[in-house]
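In my numbering, each residue carries its 1-based index in the sequence shown increased by 184.
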Amino acid sequence: MKKNKFEIDMCNGSIMDKLISFSLPLMLTSILQLMFNAVDIIVVGRFSGSQALAAVGSTTALINIFTNLFIGISLGANVLAARYYAAGRDKEMSEAVHTAIALALVSGIIMAFVGVGASRFALELMATPADVIDQSVVYMRIYFMGMPFFMLYNYGAAVLRAVGDTKRPLFFLLAAGMTNVVLDLLLVIVIPLGVAGVAIGTVASQMISCILVLWCLHRTEGSYQLRFSKLRIRGIYLKRIFQVGIPAGIQSTVINFSNALLQSSVNSFGSTAMAGYTAANNVLGFLYSSINAVTQACMSFTSQNYSVGKTKRMDRVFVDCIILSVGVSAVLGVGAYVFGSQVLGIYTSDPEVIQCGLEILSITTVPYFLCGIMDLIPGALRGMGHSGVPMILSIIGTVGTRILWIYAFFPQHRSLYFLFISYPGSWIATIVMQAVCFYFVRKQCMRQIHQEVPSGQK
């Protein structure tokens, strides 16, 4: 099965070392993606002031709402491609890849038009303060012009992850990230374009990563080779991608909607609190990217082993992923708590902004391992082809808890610390429901596999 040095054989041999080999490059890749936004935040915070910092930060939740449905759908492409690849179904693999890339192009173009047209209206709905809304609109509109590049990169990288290749996307984002840093410094310090400059730098870097990942797929000799003349959306594969991807995308979108409501609550404290939330949220983004890399590994490994009926290996994958996720999130979460002042000082020198950021980090970082577990269970379920029920439970547990907290309890105890207690509370509520769901879905899947696969292959 392993055809080049970048691919990983997920169905044979040891597990933990392969999980680490898969997760570590993906973790670094996700961190590089976040650094696009982090560099934007650091540069505007240092050289354009707190209002510009708040303007960039106020767009984060909205951008995620607009984009995460389609990014979630890319998980469906990942699961489908992983199954076809492990089963050696080359024709289906090729057609699924071309459907996924065509879908990415179409969705990217749609998102560009929607984002550019709806930016101001959406920011006004979130009660973005008048002193930052104009800059926020500029940043969002330029950012969304790069959506076709953003979508093509993410769907292309999902195909590579399906065959165990997480290293080349890392190299591609490293090149794009260096470009982003240079352009941000040039377009903010040398040519003082402010938030427009950092947005242009981000779009340019996304274009570079997109070109590189498409070039990689085009040059490969494997079953996932991309030929632009074959790009078309085939209904049968689109349906299978949607079965896993749409629930994942809806889940992510609705959760980010709850974050947008939370952003509105933060906005009520003014631009200083908004700037502190922007910096703290970026730190939390690095933590999430680390644990999500393990979730992506769990989904890909589970999907491949599910397709060949290796039930015992699926269980070992899940247990090893829990160990890895909890370990990574505990170390990084405690580190972010202990060194919170120093980390936030990278983003801004304003002591009031740092203090607001510390209030948020003090309640969210140490228990972050709970978020890792909450994220991992749906990842394993998606690998087994079940995405609908985990979506519903995640929405009830995460969004329901946060909305209840924001409207029922927060008004009587108005502080950033109290507001963000909703994070660990929602993680615990969701874990309990997801664990019950996992137990029953796993029993159903094991029963189905035992009926379909001879016992010697399990």
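For every residue, glycine included, the Cβ atom is placed at its ideal position computed from N, Cα and C.
- CA-CA distance, Ala613 to Ala619, rounds to 10 Å.
- Within the same chain, Cβ atoms closer than 6 Å to the Cβ of Gly330 are found at Val387, Gln390, the five residues on either side in sequence being excluded.
- In the DSSP assignment, Asn451 falls within the alpha helix (DSSP H) that extends over 419-451.
- A distance below 7 Å between beta-carbons, with the five flanking residues on each side excluded, links Val527 to the following residues of its chain, in chain order: Val467, Ala520.
- Looking from the CA of Glu543, the closest CA among Leu401, Ala459, Val347, Arg352 belongs to Ala459.
- With 16 or more other Cβ atoms from the protein chains shown falling within 10 Å of its own Cβ, Gly385 counts as buried.
- When the Cα atoms are used, Pro353 and Ala341 turn out to be separated by approximately 6 Å.
- Inter-residue distance for Ser234 and Phe624 is about 50 Å (C-alpha atoms, whole angstroms).
- Measuring C-alpha to C-alpha distances from Met324 to each of Ser442, Ala236, Phe594 identifies Ala236 as the nearest.
- Within the model, the alpha-carbon separation for Val298 versus Val263 is close to 28 Å.
- Using a Cβ-Cβ distance cut-off of 8 Å, the segment 403-418 and the segment 274-289 are in contact, since at least three pairs of beta carbons, one from each stretch, lie closer than that value.
- Taking 9 Å as the cut-off, the beta carbon of Thr585 is found no closer than this to the beta carbon of Ser599.
- Secondary structure of His597 (DSSP, three-state): coil.
- In the assembly as shown, Gly229 is a buried residue. Its beta-carbon has 16 or more other beta-carbons within 10 Å.
- Put simply, the segment 310-324 touches the segment 438-458. At least three CB pairs are less than 8 Å apart.
- Going by beta carbons, Thr479 and Pro562 fall inside the 9 Å limit.
- For the set Ala464, Leu212, Ala463, the Cα lying nearest the Cα of Phe355 is the one of Leu212.
- The beta carbon of Ala432 lies closer than 8 Å to those of Gly256, Ile257, Leu259, Gly260, Pro562, Arg566, Ser571, Met575 in the same chain, with the five residues before and after it left out.
- When the beta-carbon positions are compared, Arg626 and Ile199 stay at least 9 Å from each other.
- A residue is called buried once 16 or more other Cβ atoms fall within 10 Å of its Cβ, and Gly292 is buried on that count.
- If you look at Arg304, you'll find it in the alpha helix (DSSP H) that goes 274-309.
- Judged by DSSP in its simplified three-state form, Phe553 adopts helix.
- By the neighbour-count definition (other C-beta atoms within 10 Å, threshold 16), Gln628 is an exposed residue.
- For Glu536, the enclosing alpha helix (DSSP H) covers residues 535-548.
- The criterion of a C-beta distance shorter than 9 Å is satisfied by Leu560 and Ile475.
- When DSSP states are grouped into helix, strand and coil, Thr312 belongs to the coil group.
- Note that the C-beta distance between Ala463 and Tyr552 is not below 9 Å.
- For the pair Leu210 and Thr251, the Cα-to-Cα distance works out to about 20 Å.
- Met617 and Ile590 do not touch by the CB rule: their CB atoms are close to 20 Å apart, not below 8 Å.
- Short of 8 Å from the beta carbon of Ala265, and not among the five residues preceding or following it, lie these beta carbons of its own chain, in chain order: Met277, Ala280, Val281, Ala284, Ala342, Val343, Ala346, Val347, Tyr408.
- In the three-state DSSP reduction, Leu410 falls in the coil class, being neither helix nor strand.
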